[in-house]
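The structure appears right after this line, and notes come after that.
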């Protein structure tokens, strides 16, 4: 079954190692095959990965694009360990990311890593307000 992607004018899409930029009108694409595919809004760069959870997402993103989790494994686990030490309540989400990577589902690992980014953001916002985030906040 083909993946259907609709692009807004000027929106970019990563397919494999290629960036596709849409022209000035809405476009619908049907993509078949096994190449990694990411929308522009889901792509982080080293500049935009400015928090620990975003750096984890970037590492997983690079694993997904290269279809190789071994290359970044050491860096990934350093980042994960840093997050768990700082926020032990993130362990359930971290376990989900780890399981997705171990089973080879790197796209699903990206989705789980997005939950980690949201959890980190919630922690920061709640710390500023003086409240806490429940440890079972993994169902985002």
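Numbering (the numbering used here), first residue to last: -9 to 130. Built from N, CA and C at the ideal position, the CB exists for glycine as well. All values derive from a computational prediction rather than experimental measurement.
Query: Anticipated Cβ contact below 8 Å, residue 72 with residue 42, distance rounded; Result: 6 Å
Query: Coil, strand or helix - residue -4 by DSSP; Result: strand
Query: First through last residue of the alpha helix (DSSP H) which encompasses residue 52; Result: 42 to 56
Query: Nonlocal neighbours in the same chain, by C-beta distance under 6 Å from residue 103, ignoring five residues either side; Result: 46, 47, 50 and 87
Query: Presumed contact (8 Å Cβ cut-off) between residue 29 and residue -4, rounded CB distance; Result: Incorrect: roughly 10 Å between the Cβ atoms, too far for contact.
Query: Reference residue 96, options 78, 109, 62 and 76, closest by Cα; Result: 62
Query: Range covered by the alpha helix (DSSP H) that runs through residue 104; Result: 96 to 119
Query: Endpoints, the beta strand (DSSP E) within which residue 18 is located; Result: 17 to 21
Query: Span of the beta strand (DSSP E) around residue 10; Result: 8 to 11
Query: Residue 130 versus residue 83 - alpha carbon distance; Result: Confidence in residue 130 is poor, its pLDDT being 48 and thus under 50, which makes the residue's placement too unreliable to answer from.
Query: Alpha carbon of residue 10 to alpha carbon of residue -1, nearest angstrom; Result: 12 Å
Query: Local conformation of residue 62 per DSSP, three classes; Result: coil
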